[in-house]
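Numbering (UniProt numbering), first residue to last: 1 to 111.
Okay, here's the thing in C-alpha cells:
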C-alpha cells in the first residue's frame with residue numbers, strides 16, 4: 001500500500017552513467033585508491049587493469065562502455081613514461097674493501 005505523495009520507480013535493463021552502460025562490481029580491489037584516477041561526473045573514476053571503477057550511492061560500478069573522456073585519459077596514462085627510472089643493475093664482484101691491520105707479535109691468551 002502506498003501513501004499519498006510517495007512514488008516508486010522500477011527500472012529494467014542495464015544501469016548507466018551518463019548514457020554509458022555499467023555493471024555493478026562484484027569485487028573492488030582493496031587498494032583501489034592507489035590506481036590512476038580521473039574526475040568524472042563529480043567523482044573519481046579509477047583505472048584498474050584496463051577497467052574503469054566508479055563509486056555510486058548504491059555501490060561500485062564498472063563501465064561496460066568507455067566514455068570518451070575516460071578513454072582519452074587511459075591512452076595518456078598507458079603511453080606516459082615511467083615516473084621513476086628503474087634502478088641500475090650492477091653485475092660482477094663486490095668492491096674490494098680494505099682489511100683491518102693485524103696486530104703483530106700479539107697472541108690471544110684467555111685469562
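Idealized CB from N, CA, C, for every residue including glycine. Treat the numbers as computed from the prediction; the structure is a model and nothing was measured.
query: Can you have a look at residue 77 and say buried or exposed, based on whether 16 or more other CB atoms are within 10 angstroms of its CB?; result: exposed
query: Decide if the region 50–66 is in contact with the region 19–32; the criterion is three or more beta carbon pairs, one per stretch, under 8 Å apart.; result: yes
query: Cα-Cα, which of 14, 29 and 41 is closest to residue 70?; result: 41
query: How is residue 48 classed by DSSP in three states: helix, strand or coil?; result: strand
query: Would the beta-carbon of residue 60 be found less than 7 Å away from any heavy atom of the ligand MG?; result: Here there are no bound small molecules, and the ligand MG is not part of this structure.
query: Identify every residue that forms a DSSP beta bridge with residue 83.; result: In the DSSP output, where bridge partners are listed per residue, residue 83 has none listed.
query: If you drop the 5 nearest sequence neighbours on each side, which residues of the same chain put their C-beta closer than 7 Å to that of residue 32?; result: 46, 48 and 53
query: Quick check: the Cα distance between residue 37 and residue 14, rounded to an integer number of angstroms?; result: 24 Å
query: From residue 64 to residue 83, what does the alpha carbon distance come to, in whole angstroms?; result: 29 Å
query: Throw me the rounded Cβ distance for the residue 72 and residue 62 pair, which I believe falls under 8 Å.; result: Wrong, their Cβ atoms sit about 19 Å apart, outside the cutoff.
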